[in-house]
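Under the working numbering, the first residue of the sequence shown carries the number -10, and numbering increases by one thereafter. I have placed the structure first, in the form of structure tokens, so that the comments after it can refer back to it.
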Amino acid sequence: MESIWDMGLEIIRAIQNVECKPLTLLAMLFHYGFNVPIYLLVITYLFWCRSTKAGFFASCALVFSNFANDSIKNTLKVERPYVRDPSVFRDATETSYSTPSGHSVSAASFFPVVAAINVSWKRVWRILLAILLPLLVAISRCYLGVHYPTDVLGGLMLGYIVSAGVLMFGEKICNFVVKLRPSLLLLVCTLICVGFNAITMENVAMSGLFMGLCAGQILINKADGFDAASGTKKQKIIRYLLGLVIACIIYFGGKLLSPGKESSYYDIARFVRYGICGLAATYICPLLFIKLKLGENTHESGDTPVSAATDNSSSTETTDNSETDNK
């Protein structure tokens, strides 16, 4: 392994030979931007403006790939490249282990699912989103000296395996899950989160988010569901912005009230905060949208597959827009 890491450092130095301010700014944008907040922005858009099922598919791809990533990291315990050679350090500090690259895993698992969901987009944009964006994120990790090339290659492979699994089997699993009683379904989700946290406590945010999303979906289904594809473009914009305001209040308000990292209650508070964010995305905000006449009820257990749901979303929006134009 020593020779592989030494070779990796050589590749990192070769990449850093083209170092310039614009590339550094772009790499730092990927470093700070492609984290939990950016994924929450996309997930909430899917839940509130496209399809609940589509939102769940993307969420599951992100959550499960992150737990797989953390499990491998904590097993291999590979130090960062800049720890081995400080000369490759570029002001991007990471506290976790190096292998595989979490940024690469997240991008490769999440964005291909989003690209597959948006069938109304041109093929070139879907390819760029599914392939080019994760690749740029991966290269930026080597450019900043926070990952070896083997880290990002392994991360991309793991992410694409998860996204392919979600796209291939997500519909079948969903059709099976909706037949379960709500209490049993909630128990299953709880056991999954407990299992995740037993493997690693470093990513309680993902388990909390997953728990909140699942609990919220169970509750909204009992209230006759929420049709994310319903409404005009104006209604979707209003409810998305309103939802983001509520989510930000919950996220940042909870962060201010939460104890610091030195507290023994930090992980519990973080789990709860992200759980409430997930609950807001799938239950609190959709229920508010319905009350404010910004959306309509529909029972998602009888929803169509993701591709069809997206098509219906596009056609519904087109119809609504045409009706508005006619008026």
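Ideal Cβ positions, reconstructed from N, Cα and C, are used throughout, including at glycine.
For Trp37, count neighbouring Cβ atoms within 10 angstroms of its own Cβ and tell me buried if that reaches 16, exposed if not. Residue 37 sits at position 48 when you count from the first residue of the sequence shown. That one is buried.
Alpha carbon of Ser62 to alpha carbon of Phe165, nearest angstrom: Within the sequence shown, numbered from 1, the residue matching residue 62 stands at position 73. Within the sequence shown, numbered from 1, the residue matching residue 165 stands at position 176. A quick correction: the sequence has Lys, not Ser, at residue 62. If you take the alpha carbons of Lys62 and Phe165, they lie about 32 angstroms apart.
For Gly134 and Gly148, I'd like the C-alpha separation in whole angstroms. For the purposes of this step, residue 134 is taken as residue 145 along the sequence shown, with counting starting at 1. For the purposes of this step, residue 148 is taken as residue 159 along the sequence shown, with counting starting at 1. Roughly 21 angstroms separates the two Cα atoms.
Pick helix, strand or coil for Glu83, following the three-state DSSP scheme. Translated into the one-based positions of the sequence shown, residue 83 becomes position 94. Glu83 falls in the coil class under three-state DSSP.
Who pairs with Glu285 in a beta bridge, going by DSSP? Taking the first residue of the sequence shown as position 1, residue 285 is located at position 296. Beta-bridge pairing links Glu285 to Asp216.
Would you mind sorting Pro123 into buried or exposed? The rule is 16 or more other CB atoms within 10 Å of its CB. The residue you call residue 123 lines up with position 134 of the sequence shown. Classification of Pro123: buried, given that the 10 Å Cβ count is 16 or more.
What residue does the alpha helix (DSSP H) around Gly249 start on, and which one ends it? The count along the sequence shown starts at 1 and reaches residue 249 at position 260. Run containing Gly249: none; DSSP gives neither H nor E here.
Continuous alpha helix (DSSP H) stretch holding Ala96: start and end: By 1-based counting over the sequence shown, the position of residue 96 is 107. First-last of the alpha helix (DSSP H) with Ala96: Gly91 to Ile106.
With a threshold of 6 angstroms on Cβ separation, who are the neighbours of Asp80 within its own chain once the five nearest residues in sequence on each side are excluded? As a first step, residue 80 must be located in the sequence shown, where it is residue number 91. So the list is empty, once near-sequence residues are dropped.
For the alpha helix (DSSP H) that contains Ser172, what are its first and last residues? The count along the sequence shown starts at 1 and reaches residue 172 at position 183. First-last of the alpha helix (DSSP H) with Ser172: Pro171 to Ile188.
Helix, strand or coil for Tyr137 per DSSP? Taking the sequence shown and counting its residues from 1, the one referred to as residue 137 is at position 148. Here Tyr137 sits in coil by DSSP.
With contact counted as at least three CB pairs below 8 angstroms, one residue from each stretch, are the region 170 to 178 and the region 205 to 213 in contact? yes
Taking the alpha helix (DSSP H) that Asn63 falls in, what are its first and last residues? As a first step, residue 63 is located in the sequence shown; it is residue number 74 there, counting from the start. Unbroken alpha helix (DSSP H) run through Asn63: Thr41 to Leu65.
Which residue's Cα is closest to the Cα of Ser98: Ala57, Arg130 and Leu(-2)? In the sequence shown, residue 98 corresponds to position 109, counting from 1. That would be Ala57, whose Cα lies nearest to the Cα of Ser98.
Determine the direct distance from the alpha carbon of Leu118 to that of Asp213, and round the result to whole angstroms. Numbered from 1 along the sequence shown, position 224 holds the residue referred to as residue 213. Numbered from 1 along the sequence shown, position 129 holds the residue referred to as residue 118. Near 34 angstroms, if we compare the C-alpha coordinates of Leu118 and Asp213.
Specify, as a first and last residue, the run of the alpha helix (DSSP H) that Glu(-1) falls within. For the purposes of this step, residue -1 is taken as residue 10 along the sequence shown, with counting starting at 1. Start and end: Glu(-9) to Gln5.
How would you label Asp59, buried or exposed, when you count the other beta carbons within 10 angstroms and need 16 or more for buried? Taking the sequence shown and counting its residues from 1, one reaches residue 59 at position 70. Flag for Asp59 reads buried.
Quick check: what's the CA-CA separation for Ser252 versus Ile265? To locate residue 252, count along the sequence shown from 1; it is residue 263. To locate residue 265, count along the sequence shown from 1; it is residue 276. The straight-line gap from Cα to Cα measures roughly 20 angstroms.
Alpha helix (DSSP H) containing Lys168: first to last residue? Mapped onto the sequence shown, residue 168 falls at position 179. Element bounds for Lys168: n/a, residue is neither H nor E.
Cβ neighbour criterion (16 or more within 10 Å) applied to Pro275: Position 286 of the sequence shown, counted from the first residue, corresponds to residue 275. Answer is buried; the Cβ neighbour count reaches 16.
Check each candidate in Thr221, Ile128, Gly201 and Leu283 and name the one with the smallest Cα separation from Thr13. Start at 1 with the first residue of the sequence shown, and residue 13 comes out as number 24. Closest option to Thr13, Cα to Cα, is Ile128.
Of all the options Leu30, Leu230, Tyr254 and Ala258, which has the alpha carbon lying nearest to the alpha carbon of Gly242? The residue you call residue 242 lines up with position 253 of the sequence shown. Of the candidates Leu30, Leu230, Tyr254 and Ala258, the one whose C-alpha sits nearest the C-alpha of Gly242 is Ala258.
Anticipated Cβ contact below 8 angstroms, Gly267 with Leu198, distance rounded: The residue labelled residue 267 in the question sits at position 278 within the sequence shown. The residue labelled residue 198 in the question sits at position 209 within the sequence shown. Gly267 to Leu198, Cβ: 5 angstroms. Contact.
Label Ile319 either buried or exposed according to how many other C-beta atoms from any shown protein chain fall within 10 Å of its C-beta, with 16 as the threshold for buried. Because the chain is modelled from -10 through 316, residue 319 falls outside the range shown and cannot be assessed.
Could you tell me which of His136, Ala96 and Asp256 sits nearest to Leu121, measuring between CA atoms? To locate residue 121, count along the sequence shown from 1; it is residue 132. Out of His136, Ala96 and Asp256, Ala96 has the C-alpha closest to the C-alpha of Leu121.
Let me know the secondary structure DSSP gives Lys111 once reduced to three states. Residue 111 sits at position 122 when you count from the first residue of the sequence shown. Lys111: coil per DSSP, three-state reduction.
What are the boundary residues of the alpha helix (DSSP H) that includes Pro123? Position 134 of the sequence shown holds residue 123. Per DSSP, Pro123 belongs to the alpha helix (DSSP H) from Leu122 to Tyr132.
Classify Ala217: buried if its beta carbon has 16 or more other beta carbons within 10 angstroms, exposed otherwise. As a first step, residue 217 must be located in the sequence shown, where it is residue number 228. That one is buried.
Please state if the CB of Tyr137 and the CB of Ala16 are separated by a distance shorter than 8 angstroms. Along the sequence shown, one-based indexing puts residue 16 at 27. Along the sequence shown, one-based indexing puts residue 137 at 148. No. Outside cutoff.
Classification of Ala187 by the beta-carbon crowding that lies within 10 angstroms, buried from 16 upward: In the sequence shown, counting from the first residue as 1, residue 187 sits at position 198. Ala187 should be labelled exposed.
Where Thr13 sits in the DSSP three-state scheme: Within the sequence shown, residue 13 is the residue found at index 24, counting from 1. Looking at Thr13 - three-state DSSP - the assignment turns out to be helix.
Pro70 lies in the alpha helix (DSSP H); which residues open and close that run? Locating residue 70 in the sequence shown gives position 81, where the first residue counts as 1. From DSSP, the alpha helix (DSSP H) with Pro70 extends over Pro70 to Arg73.
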